[in-house]
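Chemist: For the protein sequence lines, the chains are Z and G, in the order given. For the first sequence, position 355 matches number 355 in UniProt numbering, and the numbering has no gaps at all. For the second sequence, position 87 matches number 87 in UniProt numbering, and the numbering has no gaps at all. Where is the CB? At the ideal position from N, CA and C, for every residue including glycine. Remember, it's a predicted structure, so these values are computed and weren't measured experimentally.
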Amino acid sequence: MNIQEHLPILLVATPILMSALMIMLRSRPTFQKTLNIIVSASILLMSIILLLQVWNSGIQVYEVGEWGKYGIMLVADLLGSGMVVLSSGISLLALIYSLDYIEGKSLNTTYHSLFNLLVAGLNGTFLTGDIFNMFVFFEILLLSSCGLVVASENGGVTKISDKMEATFKYLILNIIGSMVMLIAIASLYATMGTLNMADLSVKIATLSDAGTMPWHIYFIALLFIIVFGNKAAIFPLHYWLPDVHPTAPSPISAMLSGVMIKVGAYGILRVYFLVFKDALFLLQPIIILLALITIAIGAIAAVGQKDVKRLLAYSSVSQIGYVFLGIGMGTAYALAASLVYLVNHAIAKSMLFLTSGGIIHHAGTRDMHQMGGMVKSAPLMSSMFLIGAMSIAGLPPLGGFIAKFVLFDAAMLGEYYLPVLIGFAFAVFTIFYMFRAWLLMFWGEARDSEKYGPYSSHGLSPMITVPIIILAAAVLILGVYSEPLIALSSEIANQLLDPQPYINAVLGGSVR
Amino acid sequence: MNNTILSITIALIFGIGTFLILRRDIIKIIIGLSLISHAVNMLIVSTGVFDGEKAPIITDGHHGSGSGIIFTDKLSEGILAPIVPSGVETPFVDPLVQALVLTAIVISLATTAFILILAYRIHEEYGTTDIRKLRRLRG
Numbered sequence: 001m002n003i004q005e006h007l008p009i010l011l012v013a014t015p016i017l018m019s020a021l022m023i024m025l026r027s028r029p030t031f032q033k034t035l036n037i038i039v040s041a042s043i044l045l046m047s048i049i050l051l052l053q054v055w056n057s058g059i060q061v062y063e064v065g066e067w068g069k070y071g072i073m074l075v076a077d078l079l080g081s082g083m084v085v086l087s088s089g090i091s092l093l094a095l096i097y098s099l100d101y102i103e104g105k106s107l108n109t110t111y112h113s114l115f116n117l118l119v120a121g122l123n124g125t126f127l128t129g130d131i132f133n134m135f136v137f138f139e140i141l142l143l144s145s146c147g148l149v150v151a152s153e154n155g156g157v158t159k160i161s162d163k164m165e166a167t168f169k170y171l172i173l174n175i176i177g178s179m180v181m182l183i184a185i186a187s188l189y190a191t192m193g194t195l196n197m198a199d200l201s202v203k204i205a206t207l208s209d210a211g212t213m214p215w216h217i218y219f220i221a222l223l224f225i226i227v228f229g230n231k232a233a234i235f236p237l238h239y240w241l242p243d244v245h246p247t248a249p250s251p252i253s254a255m256l257s258g259v260m261i262k263v264g265a266y267g268i269l270r271v272y273f274l275v276f277k278d279a280l281f282l283l284q285p286i287i288i289l290l291a292l293i294t295i296a297i298g299a300i301a302a303v304g305q306k307d308v309k310r311l312l313a314y315s316s317v318s319q320i321g322y323v324f325l326g327i328g329m330g331t332a333y334a335l336a337a338s339l340v341y342l343v344n345h346a347i348a349k350s351m352l353f354l355t356s357g358g359i360i361h362h363a364g365t366r367d368m369h370q371m372g373g374m375v376k377s378a379p380l381m382s383s384m385f386l387i388g389a390m391s392i393a394g395l396p397p398l399g400g401f402i403a404k405f406v407l408f409d410a411a412m413l414g415e416y417y418l419p420v421l422i423g424f425a426f427a428v429f430t431i432f433y434m435f436r437a438w439l440l441m442f443w444g445e446a447r448d449s450e451k452y453g454p455y456s457s458h459g460l461s462p463m464i465t466v467p468i469i470i471l472a473a474a475v476l477i478l479g480v481y482s483e484p485l486i487a488l489s490s491e492i493a494n495q496l497l498d499p500q501p502y503i504n505a506v507l508g509g510s511v512r
Numbered sequence: 001m002n003n004t005i006l007s008i009t010i011a012l013i014f015g016i017g018t019f020l021i022l023r024r025d026i027i028k029i030i031i032g033l034s035l036i037s038h039a040v041n042m043l044i045v046s047t048g049v050f051d052g053e054k055a056p057i058i059t060d061g062h063h064g065s066g067s068g069i070i071f072t073d074k075l076s077e078g079i080l081a082p083i084v085p086s087g088v089e090t091p092f093v094d095p096l097v098q099a100l101v102l103t104a105i106v107i108s109l110a111t112t113a114f115i116l117i118l119a120y121r122i123h124e125e126y127g128t129t130d131i132r133k134l135r136r137l138r139g
């Protein structure tokens with residue numbers, strides 16, 4: 001048996017198996033922790049092998065049960081496997097971080113199991129080639145992340161009632177989003193008689209060439225904007241994010257803001273550029289408009305925040321707008337730029353959330369006005385937050401600069417002058433709110449210790465600092481040596497704009 | 001005629017669900033959500049019912065003239081459901097939508113269970129199920 005052929009299914013099946021096993025191991029916490037780290041590391045290893053395999057020998061197709069396009073298919077192309085590498089890297093680091101950060105009781109019972117389900121949902125969403133399975137994996141993601149948001153952290157700065165209220169909002173909105181997705185899928189199935197995305201693509205292309213495109217295909221495509229926009233929190237559907245992401249424990253915030261909202265961007269890239277190619281002319285102006293409003297709303301709301309994690313969450317809203325701006329422009333260069341932006345934001349934002357966990361641990365509060373002068377008492381956190389803030393704000397030589405530069409360059413080449421102007425204006429806002437946060441927390445005088453109590457003298461363990469340092473190094477490396485990422489993104493963008501190899505790989509093997 | 005009644009029923013249930021979601025009580029919101037999910041499930045099932053009414057169990061007699069091909073979807077001959085025996089005039093309902101709706105029902109069961117427990121805990125924590133009174137998250 002050649003193990004390399006089975007990598008796509010292993011990436012989904014291993015975490016699901018482990019999530020069951022972790023529940024059974026809850027009486028042996030040390031073993032559970034070690035096992036989960038080993039499993040996460042091996043998932044990262046497998047995903048890197050899968051990416052190399054896809055890079056070297058083309059798109060990998062795995063037919064579950066050998067039913068061909070009528071069954072469940074896992075398809076690993078460059079976009080999917082690249083996203084899997086990104087998500088498993090961040091989830092490994094977030095897991096190491098959370099071992100020390102999450103409260104012991106909550107960690108031992110359900111945390112590991114739900115975390116593995118989250119990883120399985122992410123990997124499955126990125127690898128599936130079947131649109132109904134995408135819905136199923138979305139639901140796995142939704143329920144496991146809801147369970148993780150209410151996990152309690154060691155510091156105890158967030159009240160459980162806040163978490164439950166945020167989770168309620170998140171759950172209701174996402175269930176409605178899932179219902180919309182089911183309606184869209186059912187209409188698509190009733191029209192086209194298939195759920196496989198490559199097959200759908202061929203059939204819609206045939207209908208479009210024959211000039212007999214049913215009119216409601218366009219409406220189905222519009223419904224998918226609601227679904228993926230809800231996942232990615234773009235403008236009219238963004239208001240749950242600033243409640244959910246801050247109230248979650250910091251490693252989970254890092255996962256949610258770093259990877260989970262990218263699922264929406266991934267869905268748009270996959271479904272629109274594969275299935276609804278012929279409806280794109282209608283959708284692109286809508287996506288650009290929503291992206292610009294998202295950039296503006298997120299940046300303006302972030303300026304006035306006093307809660308550090310809420311500021312970072314609003315910043316996520318603003319930054320995902322830039323990713324959607326690139327997707328909306330739709331040229332090969334703009335798509336590559338938005339992928340570069342996506343990777344940079346994922347790494348920098350998850351690092352910032354992990355750092356904010358350290359800051360909260362040190363200060364015992366999330367309110368930035370109650371902090372101050374922490375540059376002396378927490379020098380590591382201060383420099384790490386500065387790196388992350390500079391990257392999000394887009395200052396050289398960090399990753400965010402390259403990302404913004406490539407995106408604006410693509411927009412100028414595509415002659416989208418007004419979007420560039422708006423994006424640039426709110427990039428200035430980004431610099432302002434990021435450095436305002438840094439100044440409030442780290443600069444100035446130390447806080448009034450009579451009023452708020454002294455800072456915690458308890459140092460941060462290596463489990464907490466090492467993941468942050470690794471991510472900071474990644475941000476730096478992406479800034480000074482960005483050619484491989486840009487080359488990979490350009491290759492992915494070319495694959496997205498020409499889905500014929502994907503379709504051939506999926507449908508070529510199915511003879512039935 | 002039957003299709004019209006089915007469509008009207010789905011639309012009514014969906015409408016009632018939407019109305020309930022816009023209420024202030026958490027429990028009413030949850031009931032509205034499950035009504036909407038039922039409406040969506042009925043929609044999925046209704047997409048699979050063509051003219052046929054037999055259960056989708058294919059016996060040997062229906063395999064066509066010895067070719068053994070079960071799957072045909074030639075776009076030039078009209079859009080067919082994926083699993084239709086060759087040479088048979090689709091007296092069957094589509095089996096795939098039933099599998100899909102089973103999955104959707106199980107998922108909506110899980111989410112409803114989760115959200116009911118969450119509502120119970122919210123009631124314990126806040127002492128109310130009125131949406132207007134749980135506004136601790138501000139800013």
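1. Since residue 186 of chain Z meets chain G, which of its residues come closer than 7 angstroms, beta carbon to beta carbon?
2. With a floor of 4 residues, list each alpha helix (DSSP H) that falls wholly inside the region 158-223 of chain Z, ordered by position along the chain.
3. Residues of the region 99-123 of chain G in Cβ contact with chain Z at a cutoff of 7 angstroms, in chain order, please.
4. Using the Cβ count rule (16 or more neighbours within 10 Å means buried), how would you classify residue 116 of chain Z?
5. Run down chain Z in chain order and give the residues with a C-beta less than 7 angstroms from the C-beta of residue 134 of chain G.
6. On the DSSP letters alone, give me the boundaries of the alpha helix (DSSP H) that residue 513 of chain Z sits inside.
7. Flag residue 73 of chain Z as yes if its beta-carbon sits less than 8 angstroms from any beta-carbon of chain G, otherwise no.
8. Check for me: the alpha helix (DSSP H) holding residue 317 of chain Z runs from which residue to which?
9. Out of Z/48, Z/472, Z/452, point me to the one whose CA is closest to residue 388 of chain Z's CA.
10. Let me know if residue 183 of chain Z comes out buried or exposed under the rule of 16 or more other beta-carbons within 10 Å of its beta-carbon.
11. Does residue 524 of chain Z come within less than 8 angstroms of chain G when only Cβ atoms are used?
12. Let's see if you can read the secondary structure: which residues bound the alpha helix (DSSP H) around residue 72 of chain Z?
13. For chain Z, is any of its Cβ atoms less than 8 angstroms away from the one on residue 16 of chain G?
14. Please confirm whether residue 74 of chain Z and residue 64 of chain Z have their CB atoms less than 8 angstroms apart.
15. What residue from Z/108, Z/97, Z/130 has the CA that sits closest to residue 80 of chain Z's CA?
16. Please classify residue 128 of chain Z as buried or exposed, where buried requires at least 16 other C-beta atoms within 10 Å of its C-beta.
17. Could you tell me which chain Z residues have their CB closer than 9 angstroms to the CB of residue 37 of chain G, listed as they occur along the chain?
18. Name the DSSP bridge partner or partners of residue 153 of chain Z?
19. For a contact defined as C-beta to C-beta under 9 angstroms, what are the partners of residue 172 of chain Z on chain G?
20. In three-state DSSP terms, what is residue 47 of chain G?
21. How would you write the range of the alpha helix (DSSP H) that residue 438 of chain Z sits in, first residue to last?
22. Once DSSP output is grouped into helix, strand and coil, what is the label at residue 128 of chain Z?
23. Rounded to the nearest angstrom, how far is the Cβ of residue 122 of chain Z from that of residue 259 of chain Z, given a contact under 8 angstroms?
24. Measure how close the beta-carbons of residue 261 of chain Z and residue 232 of chain Z come, nearest whole angstrom, since I'm counting them as under 8 angstroms.
25. So what does residue 367 of chain Z bridge to, in DSSP terms?
26. Taking the alpha-carbon of residue 492 of chain Z as reference, which of Z/24, Z/462, Z/174, Z/333 has the nearest alpha-carbon?
27. Exposed or buried, what is residue 353 of chain Z when buried is set at 16 or more other beta-carbons lying within 10 Å of its beta-carbon?
28. Just checking my contact of residue 60 of chain Z with residue 76 of chain Z at CB under 8 angstroms: how many whole Å lie between their CB atoms?
29. Within 10 Å of its beta-carbon, does residue 241 of chain Z have 16 or more other beta-carbons around it, so buried, or fewer, so exposed?
30. Less than 7 angstroms between C-beta atoms, sequence neighbours within five positions excluded: which residues of the same chain meet that for residue 305 of chain Z?
31. Taking Cβ positions only, does residue 139 of chain Z come closer than 8 angstroms to chain G?
32. Taking the C-alpha atoms as reference points, what is the distance between residue 288 of chain Z and residue 370 of chain Z?
33. Name, please, each residue of chain G whose Cβ falls closer than 7 angstroms to the Cβ of residue 190 of chain Z.
34. If you check the beta carbons only, do residue 15 of chain Z and residue 136 of chain Z fall under 8 angstroms apart?
35. Considering Cα atoms alone, identify which of Z/179, Z/447, Z/209, Z/154 is closest to residue 40 of chain G.
Modeler: So, from the listed chains and residues:
1. Within the first sequence, the letter at position 186 stands for residue 186 of chain Z. What residue 186 of chain Z touches in chain G: 43, 44, 47.
2. 160-192, 197-210
3. 100, 103, 104, 107, 110, 111, 114, 115, 118, 121, 122
4. For the purposes of this step, residue 116 of chain Z is identified with residue 116 of the first sequence, where counting begins at 1. Residue 116 of chain Z should be labelled buried.
5. As a first step, residue 134 of chain G must be located in the second sequence, where it is residue number 134. Within 7 angstroms Cβ-Cβ: 165.
6. The first residue shown for chain Z is 1 and the last is 512, placing residue 513 of chain Z beyond what the model contains.
7. As a position in the first sequence, residue 73 of chain Z is number 73, starting the count at 1. Chain G contact via Cβ: absent.
8. Within the first sequence, residue 317 of chain Z is the residue found at index 317, counting from 1. Segment 308-329, the alpha helix (DSSP H) holding residue 317 of chain Z.
9. Taking the first sequence and counting its residues from 1, the one referred to as residue 388 of chain Z is at position 388. Out of Z/48, Z/472, Z/452, Z/472 has the C-alpha closest to the C-alpha of residue 388 of chain Z.
10. Residue numbering aside, residue 183 of chain Z sits at position 183 when the first sequence is read from its first letter. Buried is the call here.
11. Because chain Z in this structure spans residues 1 to 512, residue 524 of chain Z falls outside the shown range and cannot be described.
12. Here residue 72 of chain Z corresponds to residue number 72 of the first sequence, with the count starting at 1. From DSSP, residue 72 of chain Z is part of no alpha helix (DSSP H) but of the beta strand (DSSP E) over 72-76.
13. Taking the second sequence and counting its residues from 1, the one referred to as residue 16 of chain G is at position 16. Residue 16 of chain G does not count as touching chain Z.
14. Taking the first sequence and counting its residues from 1, one reaches residue 74 of chain Z at position 74. Taking the first sequence and counting its residues from 1, one reaches residue 64 of chain Z at position 64. Their beta carbons are under 8 angstroms apart, which means residue 74 of chain Z touches residue 64 of chain Z by this criterion.
15. Position 80 of the first sequence, counted from the first residue, corresponds to residue 80 of chain Z. Checking every option, the nearest Cα to that of residue 80 of chain Z belongs to Z/130.
16. Position 128 of the first sequence, counted from the start, is the residue given in the question as residue 128 of chain Z. With 16 or more other Cβ atoms within 10 Å, it is buried.
17. Stepping through the second sequence from its first residue, residue 37 of chain G is reached at position 37. Going along chain Z in sequence order, the residues near residue 37 of chain G (Cβ under 9 angstroms) are 175, 178, 179, 182.
18. Start at 1 with the first residue of the first sequence, and residue 153 of chain Z comes out as number 153. Beta-bridge pairing links residue 153 of chain Z to Z/102.
19. Here residue 172 of chain Z corresponds to residue number 172 of the first sequence, with the count starting at 1. Residues of chain G passing the Cβ test: 21, 29, 30, 33, 115.
20. As a first step, residue 47 of chain G is located in the second sequence; it is residue number 47 there, counting from the start. Correct three-state label for residue 47 of chain G: helix.
21. Counting from 1 along the first sequence, the entry for residue 438 of chain Z is found at position 438. Its alpha helix (DSSP H) spans residues 417-442.
22. On the first sequence, residue 128 of chain Z is found 128 positions in, with the first residue counted as 1. If DSSP states are grouped into helix, strand and coil, residue 128 of chain Z belongs with the strands.
23. As a position in the first sequence, residue 122 of chain Z is number 122, starting the count at 1. As a position in the first sequence, residue 259 of chain Z is number 259, starting the count at 1. Indeed they touch by this definition, with Cβ atoms about 6 angstroms apart.
24. Indexing the first sequence from 1 puts residue 261 of chain Z at position 261. Indexing the first sequence from 1 puts residue 232 of chain Z at position 232. Yes, residue 261 of chain Z and residue 232 of chain Z are in contact; Cβ-Cβ is about 5 angstroms, under 8 angstroms.
25. As a first step, residue 367 of chain Z is located in the first sequence; it is residue number 367 there, counting from the start. BP columns for residue 367 of chain Z point to Z/307.
26. If you number the first sequence from 1, residue 492 of chain Z lands on position 492. Comparing Cα-Cα distances from residue 492 of chain Z to each of Z/24, Z/462, Z/174, Z/333, the minimum goes to Z/333.
27. Residue 353 of chain Z sits at position 353 when you count from the first residue of the first sequence. Flag for residue 353 of chain Z reads buried.
28. For the purposes of this step, residue 60 of chain Z is taken as residue 60 along the first sequence, with counting starting at 1. For the purposes of this step, residue 76 of chain Z is taken as residue 76 along the first sequence, with counting starting at 1. The pair is a contact, with the Cβ atoms about 4 angstroms apart (cut-off 8 angstroms).
29. Locating residue 241 of chain Z in the first sequence gives position 241, where the first residue counts as 1. Burial call: buried.
30. Position 305 of the first sequence, counted from the start, is the residue given in the question as residue 305 of chain Z. Cβ within range, chain order: 311, 314.
31. The residue given as residue 139 of chain Z occupies position 139 in the first sequence. Taking Cβ atoms only, chain G reaches closer than 8 angstroms to residue 139 of chain Z, which makes this a yes.
32. In the first sequence, the residue the question calls residue 288 of chain Z occupies position 288. In the first sequence, the residue the question calls residue 370 of chain Z occupies position 370. Whole-angstrom Cα-Cα distance: 39 angstroms.
33. Counted from its first residue, the first sequence places residue 190 of chain Z at position 190. The answer, in chain order, is 47.
34. The residue given as residue 15 of chain Z occupies position 15 in the first sequence. The residue given as residue 136 of chain Z occupies position 136 in the first sequence. Taking 8 angstroms as the Cβ cut-off, residue 15 of chain Z and residue 136 of chain Z do not qualify as a contacting pair.
35. In the second sequence, the residue the question calls residue 40 of chain G occupies position 40. Of Z/179, Z/447, Z/209, Z/154, the residue nearest in Cα terms is Z/179.
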